[in-house]
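Here the working numbering is used: the first residue of the sequence shown is 7, the next is one more, and so on.
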Amino acid sequence: MECRCPHVARSRWWRGSGSGTRWGAGEWASYDGRVSDIPPDLARLRSSIDNIDAALVHLLAERFKCTQAVGELKAAVGMPAADPGREEAQVARLRALADDSGLDPQFAEAFLNFIIAEVIHHHEHLAGGS
Ligand SMILES: C=C(O[C@@H]1C=C(C(=O)O)C=C[C@H]1O)C(=O)O
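This is the structure we're talking about:
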């Protein structure tokens, strides 16, 4: 006999044919009464994308908290805002990590450079520049 316990039921969807059902053609309906015009696999993937994007925002916020403190420290001891040697090492490290994990290393480098440019801008501001 087919299992109808809730955790299974929640993942069961039917595509409407447009006749003889409460839901229309092209719509998806589930055991628990939800109706959607978005395919369930797409809805599930988007839900994960939402969680990942939230994590990215939190991670970036934490990184900028750290770089703010680094900028204050550098300004206090008179160090330059940018450290090209450190940037080069970071780029090489992230390119290798990207390569290992199936992310385009060129994209990883561009993304890191975008963030670093913003950090340096903050550091220059903290050092009294424009
Ligand atoms: C955060 C620093 O300042 C700058 C920003 C960097 C970064 O965001 O990773 C790296 C090097 C510096 O140009 C640092 O020197 O560590």
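Backbone N, C-alpha and C define an ideal beta-carbon position, used for all residues, glycine too.
Taking the alpha-carbon positions, what's the residue i to residue j distance?
i: Q74; j: L51; result: 34 Å
i: S23; j: A102; result: 49 Å
i: I58; j: A49; result: 14 Å
i: W19; j: D56; result: 22 Å
Sort the options by Cα distance to residue i and report the nearest one.
i: G137; options: G39, A87, V97, S107; result: One cannot answer for residue 137 here, as it falls past the ends of the chain, which runs 7 to 136.
i: V76; options: V63, R18, H131, S107; result: H131
i: G84; options: A133, R21, G32; result: A133
i: H128; options: G108, F70, P111; result: F70
With residue i as the anchor, note down where its beta strand (DSSP E) starts and where it stops.
i: R21; result: 19–21
i: A35; result: 34–36
Beta-carbon within less than 8 Å of residue i's beta-carbon, same chain only, minus the 5 sequence neighbours each way: which residues are those?
i: E78; result: L132
i: E43; result: The residue asked about is misnamed: residue 43 is Asp in this sequence, not Glu. G32, E33, W34, listed in sequence order.
What residue range is occupied by the uninterrupted alpha helix (DSSP H) comprising residue i?
i: G77; result: 46–83
Practice item. Answer yes if the segment 92–102 comes into contact with the segment 116–135, meaning at least three C-beta pairs across the two stretches below 8 Å, and no otherwise. Key: yes
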